[in-house]
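In my numbering, the protein residues as written are 1 to 397.
Positions of the beta carbon are idealized from the N, C-alpha and C atoms, including for glycine.
The structure displayed is predicted, hence computed values, not measured ones.
What follows is one structure encoded as structure tokens, with my remarks underneath.
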């Protein structure tokens with residue numbers, strides 16, 4: 001990711017430097033509007049979060065390309081595959097609550113379909129699914145799985161169970177030691193969570209994650225509805241609005257892999273929780289959520305990739321290094337992930353050692369939207385670092 005626009009830093013440095021989080025987040029909408037104008041997309045949003053919460057946020061553009069309806073700071077954006085880190089966090093909570101273990105196998109977790117399960121899948125573990133090393137294929141079109149998800153027969157739990165039954169009855173598509181990015185891994189993980197806890201994945205996400213973190217705007221599918229149209233719409237590659245309802249998102253049963261929507265402030269609450277968890281883990285401490293303590297070793301497991309082929313993928317995060325993430329006494333570690341249902345795009349760059357993250361999102365997923373999000377991310381990184389350096393105490397002499 002390139003980092004752009006020193007003029008933005010000059011404009012924002014004083015603002016960021018003199019406003020602590022307790023004074024409220026800094027509005028960076030003007031700068032985001034300038035990025036929007038360069039790329040010609042419907043709407044664009046960006047935010048900075050730290051271990052203390054939201055420090056900067058801005059939005060620009062319109063909720064839909066065919067109307068004058070400005071996007072608002074509290075509007076929700078579709079987060080696509082950035083949902084995966086949330087599903088992994090839910091699994092971690094259930095592990096800490098002794099409802100699962102990382103080593104629980106598919107045969108143990110899904111006993112009702114175990115008799116039909118191919119031998120090659122029976123010993124695959126929950127952890128294998130979350131690091132995408134399971135043998136589960138990326139292509140869900142075979143054997144009618146994708147068509148079945150669109151048909152939507154039965155409850156969402158029933159649909160995910162049928163997806164698991166059909167996919168796991170086939171031989172693995174590749175060796176389990178090999179990384180293959182597959183939405184099905186997280187659909188299976190979400191179904192395992194609902195079997196273990198006795199509640200649909202959606203209800204578990206609300207009760208175990210969204211409510212404890214105060215994520216009041218978080219929900220599932222494309223934001224808004226015909227009954228509640230005051231929301232951004234996604235946009236197809238040709239620039240037309242995707243509207244609401246069927247066709248505005250992937251099938252609902254795909255939820256654990258990528259259907260969460262939320263405002264940037266609420267998404268930031270989740271990311272800030274991970275920043276605080278990483279900080280607590282470095283200090284040998286756990287972090288509570290909803291009365292369940294996530295221990296240091298669990299945070300480490302969530303954030304540490306499995307080395308080997310494709311060895312940068314942790315549990316819903318890609319773990320890499322960037323020089324801007326360097327902390328005075330630590331590594332320049334970055335946790336990142338992008339999300340898109342082809343009509344929305346978002347990306348998060350989190351620097352756990354440095355204690356901050358930037359988020360960006362658009363209600364389009366074109367190359368222009370992705371470049372705009374990249375540009376916003378770069379500007380916000382520079383603004384945060386410049387303000388931090390200006391506020392740093394003088395070095396000992």
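Within its chain, find whatever has a CB closer than 8 Å to the CB of residue i; leave out the 5 residues flanking it on each side and keep chain order.
i           : result
residue 248 : 221, 222, 233, 234, 242 and 343
residue 40  : 368
residue 200 : 155, 156, 157 and 194
residue 165 : 113 and 116
Excluding five sequence neighbours on each side, which residues of the same chain lie with their C-beta closer than 7 Å to the C-beta of residue i?
i           : result
residue 290 : 208 and 212
residue 269 : 213, 214 and 215
residue 298 : 92, 95 and 96
residue 79  : 260, 261, 262, 267, 339 and 346
residue 68  : 62
residue 370 : 345
residue 176 : 124, 128, 133, 134 and 135
residue 278 : 299, 303 and 352
residue 292 : 93, 96 and 97
Got a sec? Which residues, its chain only, sit under 6 Å from residue i by beta carbon, not counting five neighbours each side?
i           : result
residue 338 : 347
residue 388 : none
residue 186 : 84, 87, 256 and 257
residue 48  : 55, 56, 358, 380 and 384
residue 190 : 87, 201 and 256
residue 60  : 29, 32, 33, 36 and 44
residue 330 : 353
residue 15  : With a pLDDT of 44 at residue 15, under the threshold of 50, the modelled position of this residue cannot be trusted; read the value that follows with caution. Closer than 6 Å at the Cβ level, and outside the excluded window around residue 15, lie 26.
residue 188 : 129 and 164
residue 250 : 341
Quick check: what's the CA-CA separation for residue i versus residue j?
i           : j           : result
residue 116 : residue 183 : 22 Å
residue 193 : residue 94  : 7 Å
residue 29  : residue 333 : 28 Å
residue 391 : residue 340 : 36 Å
residue 65  : residue 240 : 7 Å
residue 105 : residue 122 : 6 Å
residue 313 : residue 155 : 31 Å
residue 326 : residue 285 : 22 Å
residue 134 : residue 306 : 12 Å
residue 375 : residue 143 : 41 Å
residue 380 : residue 46  : 8 Å
residue 350 : residue 231 : 27 Å
residue 294 : residue 288 : 6 Å
residue 148 : residue 322 : 41 Å
residue 400 : residue 296 : Only positions 1 to 397 of the chain appear in this structure, which leaves residue 400 out of reach.
residue 324 : residue 50  : 15 Å
residue 319 : residue 335 : 5 Å
residue 364 : residue 272 : 25 Å
residue 283 : residue 236 : 46 Å
residue 252 : residue 26  : 35 Å
residue 126 : residue 75  : 34 Å
residue 150 : residue 24  : 43 Å
residue 373 : residue 42  : 13 Å
residue 38  : residue 77  : 21 Å
residue 70  : residue 58  : 12 Å
residue 225 : residue 170 : 38 Å
residue 103 : residue 311 : 20 Å
residue 219 : residue 229 : 15 Å
Out of the options, which one is the CA nearest neighbour of residue i?
i           : options               : result
residue 54  : 238, 190, 297 and 276 : 276
residue 385 : 358, 239, 375 and 365 : 358
residue 124 : 108, 113 and 139      : 108
residue 205 : 47, 58, 372 and 85    : 85
residue 328 : 353, 150 and 135      : 353
residue 227 : 236, 218, 245 and 315 : 245
residue 258 : 59, 82, 119 and 350   : 82
residue 113 : 160, 274, 271 and 44  : 160
residue 181 : 210, 130 and 153      : 130
residue 73  : 361, 264 and 336      : 264
residue 197 : 100, 254 and 118      : 100
residue 120 : 110, 174 and 89       : 174
residue 274 : 355, 77, 137 and 250  : 355
residue 168 : 152, 210 and 110      : 110
residue 315 : 238, 70, 90 and 372   : 90
residue 137 : 172, 145 and 254      : 172
residue 366 : 238, 301, 152 and 254 : 238
residue 254 : 360, 229 and 162      : 162
Original post:
Whole beta strand (DSSP E) runs in the region 71-108 with 3 or more residues, listed along the chain?
Top reply: 76-78
Original post:
What are the start and end residues of each continuous alpha helix (DSSP H) run of 4 or more residues lying completely inside the region 221-288, in chain order?
Top reply: 255-258 and 264-282
Subject >> Unbroken stretches of the beta strand (DSSP E), 3 residues or longer, contained in the region 332-384 >> reply: 333-339, 345-351 and 356-362
**OP:** Could you pull out every unbroken alpha helix (DSSP H) segment of at least 4 residues lying fully inside the region 106-134, listed in chain order?
**Re:** 106-109, 119-122 and 126-130
Original post:
Going along the chain, which unbroken runs of the alpha helix (DSSP H) with 4 or more residues stay wholly within the region 133-216?
Top reply: 145-151, 156-168, 183-197 and 201-205
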